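Taking it in order: structure first as structure tokens, then the write-up.
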Amino acid sequence: MKSALNTSELTQNQVTIGISLTVLGVGMITLPREVFTAAGVASGWVSVLLTGIIAAGVMLLMIVLNNRYPGMSYYQYNRIIVGSWIGGFITLITSIYYVTFAAFETRAMAELIQMFILDRTPVSFTMLIFIGTAVYLVLGGYSAIFRLFELYFPAIIFFTLLIMILSANQFEMNHIRPFFEGFPPIMKGMSATVLSFVGMEIILFIQAFMRKPERAKKAAVYGIAIPTVLYAIIVIMVGGIMGVGETMTLVYPLMELAKSIEIRNFFFERFETFFIPLWILSIFTTLAIVLYLAALGIKTVFNVKKETAVFSIIPIIYILAMTPKNINEMFTMGVWIGYSMLAIGVGIPLILLLVSILRRQKQ
Amino acid sequence: MRTICILILAAFVLTGCWDHREIEELGIITGVAIDQPEDSTQSHMLTVTNQYVLPQSISSQVKSGTSGNKPYVNETVTAPSVLQTIRDQSKFVSRPPYYYHLKTIVISKELAESTDLLKLTYFFNRDHEIRRSVQVFISDEKAKGLFTITPEEDKVPSIYLDKITHNYATKTAEMAPTISLGDMSKYFSHQKSFVIPFASLKENAVYIDGGIIVNADSKKAVGVLTKDETRTFNWIQERSQGGVIEVFGLKEDQEHPFTFEIKKMTSKVKPFYENDELTYDIHLSFQGKLGEDWSYESNQFNQEYVEKLEKAIEETIRSMVVNSIEKAQKEHKVDYFELMEPFRINYTKEWYKVKDEWNQFFTKANFNIDVTVVVEHYQDVGRKLPFTP
Amino acid sequence: MKKFLNRLLFQHVQKKSEYTSEPFETSPLHHERLTGELQNDIQTLKALLGNSFDLKIVRFTSDPYAYDGAFLFIEELTDTAVVHEQLRAIRSLSETTYLSDMSPETMRQEVLTISESSIVDTLHQCSSHLLQGNTLILSDKYKDGIILNSRKMPQRSIQAPSSESVVRGPRDGFVETLLLNIGLVRKRLKDPDLQLDYFKVGERSKTDVVVMSINGLTNPKIVQEVKNRLNKIDIDSVQESGVIEQLIEENSLSPFPQVQVTERPDTVAGSLAEGRVAIIVDHTPFVLIAPLTINSFYQSAEDYYERWVYSSLIRILRVAAALIALCLPSIYVALISYHQGLIPTDLVISLAGSREGVPFPSIVEALLMEVTIEILREAGIRLPNPVGQAVGIVGGLVIGESAVSAGLVSPMMVIVVALTAISSFALPQYYVGVSLRILRFPIMISAALLGLYGIVIALILLSIHLIRLKSFGVYYLEPLVPYSPKGWKDMFIRTQTKSLKSRPDMLHPQDKKRMSSKN
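Chains as they are written, first to last, in UniProt numbering: chain A, 1 to 363; chain B, 1 to 389; chain C, 1 to 519.
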């Protein structure tokens, strides 16, 4: 039934939170290791901040592109810029990218579950349930997705900060000193943070759904600032508690951090199993939006019903998620998704912006 | 859509329960002791003792108030690797070993001196069941021996050992700081030498006295810390805020001992690196009160007297520290004080050069040690008699 | 009292001019008008009402022109005192006035002493009024009949509502009489803008339903939505507001109620003033309030009467109780059979010791106890009060105690189940506790299958369901999401009354201001 009172258009808050939760995903848990391995020094957190600033810049360019075609999403206007054939192709490639991304998130979640909670439950089972849950959400439309994000956002932020606060007593300043060891390590560290910012390009699609699209810039900047700051805090805390060298040896550094928290004589001594649900939530939010965008792309290209599009990509996601044979292949998959984000999520839109400007199109 | 939901639900119900394990079916292990096999032909093997808690016997003892059987069982297995010993246990223990509640790991000194400790503990660090906060001890005799006592307060020796560590830091400076698996892993990752508490068995009780130095290069135990060395270690690292210092009199004859009780101490370490010469300025300052004074001259209303006392205490501490550092440089040849930290932070470039032979470099360092003691307070009575006898 | 209420009602009730469906479609007599021949009309009406014996006909005559008239009414439904009074009035007049010269309209205005009466001319109107308990006066030679409002209202006296008792607040509750119920609300909102829209629901039962809202305050879209849905109802009979509730709610598969039910007039008045719509159904003390949002899970009318710190703390307590009622057994099952590592070592040892010898896995144990508790609760409700208490004591104490000593369940499980049961009763609305109790079981099963992961997935599914759910166009989770900081002032925490200056945003009231900013 159509709502009598509420429009389904998104508010600025919803867009901000949507971008934050899309960006916060698997990257959060492995980021410290990747940054420290690439940078080699404790000042790696600066790389996170710098990447965040670049990401914000790129998003502003995307909004410039969006603003040339008001009320239309990327899938709709790309065919106006480069014609329906190439546009359709771009849409298809983008959908494939999102399907792969969804598969990666699913697999990463399943690995986490298998490693820490259910070691004998088949991965395929946990994955299917997870995908099924996401499908239920996606069928509710983008409005439901973004409202759900609003519901989860405080919990995810609160509990992530709670880990930081509970582990703060183990923080050793010496671990992150010296604070600055020149620029080259910071530059190296930036390359490792790319995967953690995958998902920021959703602004291309969701600006069209906004109630007041002129507020997209503000929403985008806040939306990217929240995960950037959170990432920086995580990297600093993990660095200060584990030390750079130790972090490099850990598979899921943030998880280890949570494992090291122990409150004696409290009803729960250990918290890490309580934090896993929150990471499941943060991975779930990313999966839901990515699944929605993939289905939207399929729907646009093949001109099918939304339900058909969603149900047709479930098996593909499942098969792709089962493809990596081991955890190393899964991490490699993540790296490739980071690169494809640079190409498909950032490169192509920027080229389209250029083409659009050269053709002097404006609507 | 609804049919799909129902199908998923059906899948839930029809399959499932893969990881289901009831709490009473677990073999809860609270302690692991690792020894060298007694049989010398098996020197490449490990003898691992797992201490299983028997919940039923504990809860029935609590209910009935009687002390019956021991509430734990020790199972010892000898095998080439730690994992192998665990798997071997499944052959004769009816309950699957459950390591989430592991509290203590005890390694015998004999084994620690001959085995790479990183390799030995690597399994425990990797396993996700085992917490990073598991306490590690080195035992004087057989590690297994510590698990066979029957302590009065806590019925299970491994839990008892874990609880002793809570006394650290406030009551005494003579215990080496407690160290957990996570800490060990951090020290190894950062190429730092460190100290593991040393536990010895004395008449049905475990004493934790001093510590064992682990060299970051060989990753083996290389020496035992004496009481004074442990204190120095605690002071330089600012780990301890308590403890007492006995000084045997102000005069040469040393007839009138007095005791200084530390309330608060701070330590400042500053490295100076010039012309390939490394010099540390170590400044230790203590605040506390006079606990005991056997001298009849004792008159703390007289500031001069108090200053004399302070001097004497400073001298005692200084000699203790100087001797300990000298021993570390000459005898142990290991920087277990983590003195590399300030050097790394202040002279990062130079640090990268000497990183790999740091212990070598450390033995050549010079030390300027400066101790300040402030007697803040005397207790209720300032002098013994109103006159000098 | 009754007259006063009747007057209150009839000033504002807008009679619906046409009925949604014709009830006695088959009868051809139905569309006919009165003929003006008394005997004939009486016979037709009798036939129309199935020649039923309880249709009473009191004839009277008046000289000299042989005026012939009759009172028709159905005895059980009619307040016969009204009939007698009017009969006396007519008789006392007839000595001096010629009744036969009077048209029914004149008679209605000049002779009859009753305040509510009207003129009808079709058989259809006659029969339906008769069935409502009104009295029909027919006279020979005139083709119009007079309808007297003589409905008998068999009513219970006003008592404290049993399903929602409060410590502080008015003690009166709704009763089974529509008019009295409307009066109870009207006494609390003496607002000329209070709008009453009258419906008849049920082809056969013809239950009176009144939709209450406030003109110029309530969002007309919500009112229109309620009316539309009521108009769509096509059912033979409605016995209770619950039937209407289920017919107008958005998602009848949802475990959550989408319409609030209350027995308290002050709750209704408060909700109306917030911008909600009340639906009052005749013959039941349960009044419906729409739209319902998540807030009413843990809010009670009393919160606004108590001081704000206390109310806020109580609300937080209720939220905690709701979470306990929903999740505690599942968390316990997950901890006991999957995540023993989370529990402190000392507790693990004592739990393992206490479960030693229990033959069932914890999920079976939990289901067993939960079902037992539900049976006890059901038995306690159905039985007369003193016996019910005895059942509670016997069940709770004896079964619990002996189940533990027989080694069937562990003592901890008894604590968990008891705590859960108490928590589900701590919620201010009974039916909310019911929906949480239902959901407890699927969450418990998923916890038994997948541990904490199962609980998380179940809760995610639940939250998606809640996010997608709407009640009369208002999102179910408003004002929690979409964010509305104004609404948060009166959510888990009720801030000072002074700071609640505007009405809840989510209801989009036309008049947003509740209090002047001077306060």
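Cβ coordinates follow ideal geometry from the N, Cα and C atoms, glycine included.
What you are looking at is a predicted structure, and each value in this text was computed from that prediction instead of being measured.
- For K218/A, the enclosing alpha helix (DSSP H) covers residues 216-242.
- Excluding sequence positions up to five before and after L111/B, its CB lies within less than 8 Å of the CB of I34, D35, Q36, L46, L120, A143, all in the same chain and listed in chain order.
- Taking a C-beta cut-off of 7 Å against chain C, none of the residues of the stretch 269-299 of chain B qualify.
- Going by beta carbons, I282/B and D370/B fall inside the 9 Å limit.
- For Y332/C, no CB of chain A lies under 9 Å from its own CB, so it is not counted at the interface with that chain.
- For F71/C, the uninterrupted beta strand (DSSP E) run begins and ends at 67-74, by DSSP.
- In the three-state scheme derived from DSSP, where H, G and I count as helix and E and B as strand, T16/A is classed as helix.
- Residues of chain C with a Cβ closer than 7 Å to the Cβ of V53/B are, in chain order, I349.
- Within the stretch 150-171 of chain A, the residues whose Cβ lies closer than 7 Å to any Cβ of chain C are, in chain order, E150, L151.
- The alpha-carbon separation between F286/C and V387/C amounts to approximately 26 Å.
- Bridge partners of Q89/B according to DSSP: none are assigned.
- Looking at the backbone, the Cα of Y475/C and that of I129/A are separated by about 26 Å.
- Out of G40/A, F275/A, I327/A, G334/A, the CA that lies nearest to the CA of L452/C is found in F275/A.
- Under the three-state reduction of DSSP, H256/B is assigned to coil, being neither helix nor strand.
- For D35/B, there is no enclosing alpha helix (DSSP H); the enclosing beta strand (DSSP E) has its first and last residue at 27-35.
- Cβ proximity to chain C below 9 Å picks out Y98, Y99, Y100, H101, K103 from the stretch 73-103 of chain B.
- Nearest Cα to P504/C within the set I90/C, H339/C, S484/C: S484/C.
- Residue-level contact by beta carbon fails for I348/A and chain C, as no gap is shorter than 9 Å.
- For chain B, the residues of the stretch 311-343 of chain C that bring a beta carbon within less than 9 Å of one of its beta carbons are L335, I336, S337, Y338, H339, Q340, G341, L342, I343, in chain order.
- Straight across, the Cα-Cα distance linking F104/A with T22/A is about 14 Å.
- In the DSSP assignment, H377/B forms a beta bridge with K289/B.
- Around H128/B, the beta-carbon contacts reaching into chain A at under 7 Å are M115, F116.
- Residue-level contact check: Q207/A does not touch chain C, since none of the beta carbons of chain C fall below 9 Å from its beta carbon.
- Taking a cut-off of 8 Å on C-beta distances, the stretch 97-117 of chain A does not touch the stretch 434-444 of chain C, as fewer than three cross pairs fall below it.
- With a cutoff of 9 Å on beta-carbon distance, A366/C and V417/C are scored as near each other.
- Cβ proximity to chain B below 7 Å picks out M242, G243, G245, E246, T249 from the stretch 228-251 of chain A.
- Secondary-structure assignment with DSSP links N299/B through a beta bridge to R383/B.
- Taking a contact as a CB-CB distance under 8 Å, the pair S267/B and E238/B counts as one, their CB atoms being some 4 Å apart.
- Contact with chain B is absent for T106/A, since none of that chain's Cβ atoms lies less than 9 Å from the residue's Cβ.
- Using a Cβ-Cβ distance cut-off of 8 Å, the stretch 251-265 of chain C and the stretch 457-470 of chain C are in contact, since at least three pairs of beta carbons, one from each stretch, lie closer than that value.
- Closest in alpha carbon position to V82/B, among T41/B, R126/B, Y52/B, is R126/B.
- Excluding the 5 residues flanking it on each side, I317/A has same chain C-beta neighbours closer than 7 Å at V99, A102, A103, T106, I131, in chain order.
- Listed by position along chain B, the residues whose Cβ is nearer than 9 Å to that of P32/A form an empty set, because the closest Cβ is around 14 Å away.
- N174/A has a beta carbon lying within less than 9 Å of a beta carbon in chain B.
- Interface annotation for the stretch 224-242 of chain C against chain B: empty, criterion Cβ-Cβ distance under 7 Å.
- Going by beta carbons, P80/B and S90/B fall outside the 9 Å limit.
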